[in-house]
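For the protein sequence lines, the chains are A and B, in the order given.
Mapping the first sequence onto numbering that gives the first Met the number 0, position 8 (from 1) lands on 7, and the numbers just tick up by one.
Mapping the second sequence onto numbering that gives the first Met the number 0, position 97 (from 1) lands on 96, and the numbers just tick up by one.
Note that beta-carbon positions come from the ideal geometry of N, C-alpha and C, so glycine has one too.
First the structure, in the form of structure tokens, and then the observations on it.
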Amino acid sequence: MKAIVNVYLKQGVLDPQGKATLHALESLGFTGVKDVRIGKQIVLELDASNATEAKAEVEKMSQTLLANTVIEDYNIEIVQ
Amino acid sequence: MRVAILRFPGTNCEFDTKYAFDKLGCDSIIVWHGEEKLPQDIDLVVVPGGFSYGDYLRSGSIARFANIMKDVTRYANSGGKVLGICNGFQILTEAGLLPGALKRNINLHFKSKYQYLRVENNNNTFLNKCSIGEILHIPIAHADGNYYIDDKGLEKLEANGQILLRYVDKEGKVDSINGSVEAIAGICNKTKNIFGLMPHPERAIESLLGSDDGVKMLQGFTS
């Protein structure tokens, strides 16, 4: 079983990397991009058989280490 | 006075920090992150600068779970004095010992230069030798120094006199060089025994090398 954790800065917290990338896209002539947010994806290979339990465990991991909830949000996807 | 200076894999300011405190007449000792306990009878723990654990995941996020941090947390929560410099500041925010977080600098630059700082509060151990409004000239060297705290947290910092230092220009005008909320360069906790700042006072100890403004900052701990 795999868990995919996406971590990104909270809405309202300025994302300097996203902003720089947005400006780069604009300077390359890509119009119509309103905002860019850059996050990270953490893929965990789990030794687990129960998706609900696995998700609860990954939730704990995210709260403890994978995300800094002062500035970041995250979502978890379990892939069988 | 006895100072414990922590060392994680990737720490690189422990010897500068030791030099500074030894020069101020302290007895300082470098403590490996794998230790379970801080040395006995210490008066200050310094979490120095560097790139602990390669700054992987987030700056300070892995170091904060190192063995020694359990005892540092116990020490801090029982009123012991702790100073985090640069990566040490990041580690202390990750550990929840100081409020807020440090993000990537607004322009994505690694900023390495001398920087003017303005003393905002001196009613604390750290800056009691400095006067409010005083301008200090101290090196900075960081990529993740963009201090963030939400509006409610900021109000508390202001109300409790927890903002220690702000980035300013030569004339003392506020200049948020890395995007920090309210140009904040250093803070302390509510009970004023845990201190964190991005600038490096330990690198401003000899006027021959550019500035000795760091002396009066660190001296706050020695008396």
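From the options, residue whose alpha carbon lies closest to that of residue i
{"i": "I139 of chain B", "options": "B:N159, B:F125, B:Q114, B:G49", "result": "B:Q114"}
{"i": "T73 of chain A", "options": "A:I37, A:A2, A:K1, A:Y7", "result": "Rather than Thr, the amino acid found at residue 73 of chain A in this sequence is Tyr. For Y73 of chain A, the nearest C-alpha among the options comes from A:Y7."}
{"i": "H22 of chain A", "options": "B:R57, B:L107, B:S60, B:I176", "result": "B:L107"}
{"i": "L5 of chain B", "options": "B:G49, B:S111, B:C25, B:K128", "result": "B:G49"}
{"i": "A19 of chain A", "options": "B:I137, B:N177, B:I105", "result": "B:I105"}
{"i": "G87 of chain B", "options": "B:T221, B:G209, B:G59", "result": "B:G59"}
{"i": "I77 of chain A", "options": "A:Q62, A:E71, A:T68, A:A47", "result": "A:A47"}
{"i": "E133 of chain B", "options": "B:N188, B:H199, B:F64, B:K172", "result": "B:K172"}
Chain A within 8 Å of residue i, Cβ atoms only
{"i": "Y147 of chain B", "result": "yes"}
{"i": "N104 of chain B", "result": "yes"}
{"i": "L107 of chain B", "result": "yes"}
{"i": "S111 of chain B", "result": "no"}
{"i": "A182 of chain B", "result": "no"}
{"i": "E93 of chain B", "result": "yes"}
{"i": "G178 of chain B", "result": "yes"}
{"i": "A100 of chain B", "result": "yes"}
For residue j and residue i, believed in contact at Cβ under 8 Å, the rounded distance
{"i": "V180 of chain B", "j": "L207 of chain B", "result": "With a Cβ gap of about 35 Å, V180 of chain B and L207 of chain B do not count as contacting."}
{"i": "L96 of chain B", "j": "T72 of chain B", "result": "7 Å"}
{"i": "G213 of chain B", "j": "R202 of chain B", "result": "7 Å"}
{"i": "F109 of chain B", "j": "G219 of chain B", "result": "Not really, about 29 Å apart at Cβ, beyond 8 Å."}
Min CB distance residue i to chain B below 8 Å
{"i": "N74 of chain A", "result": "no"}
{"i": "A2 of chain A", "result": "no"}
{"i": "N67 of chain A", "result": "yes"}
{"i": "A19 of chain A", "result": "yes"}
{"i": "V12 of chain A", "result": "yes"}
{"i": "L27 of chain A", "result": "no"}
{"i": "Q62 of chain A", "result": "no"}
{"i": "Q16 of chain A", "result": "yes"}
Local conformation of residue i per DSSP, three classes
{"i": "F156 of chain B", "result": "Residue identity check: residue 156 of chain B is Leu in the sequence provided, not Phe. Residue state, collapsed to three classes: helix."}
{"i": "E76 of chain A", "result": "strand"}
{"i": "P198 of chain B", "result": "coil"}
{"i": "L208 of chain B", "result": "helix"}
{"i": "A142 of chain B", "result": "coil"}
{"i": "G219 of chain B", "result": "coil"}
{"i": "L135 of chain B", "result": "strand"}
{"i": "V167 of chain B", "result": "strand"}
{"i": "L81 of chain A", "result": "This structure does not reach residue 81 of chain A, given that chain A is present from 0 up to 79, and the question cannot be answered."}
{"i": "K151 of chain B", "result": "helix"}
{"i": "A19 of chain A", "result": "helix"}
{"i": "A203 of chain B", "result": "coil"}
Could you tell me which uninterrupted alpha helix (DSSP H) segments, each at least 4 residues in length, are contained entirely in the stretch 74 to 124 of chain B, listed from first to last along the chain? 86 to 93
Note down, one range per segment and in chain order, each beta strand (DSSP E) of at least 3 residues found wholly within the stretch 1 to 68 of chain B. 1 to 6, 26 to 31, 43 to 46
Unbroken beta strand (DSSP E) runs of length 3 or more, entirely within the stretch 25 to 71 of chain A: which are they? 38 to 44
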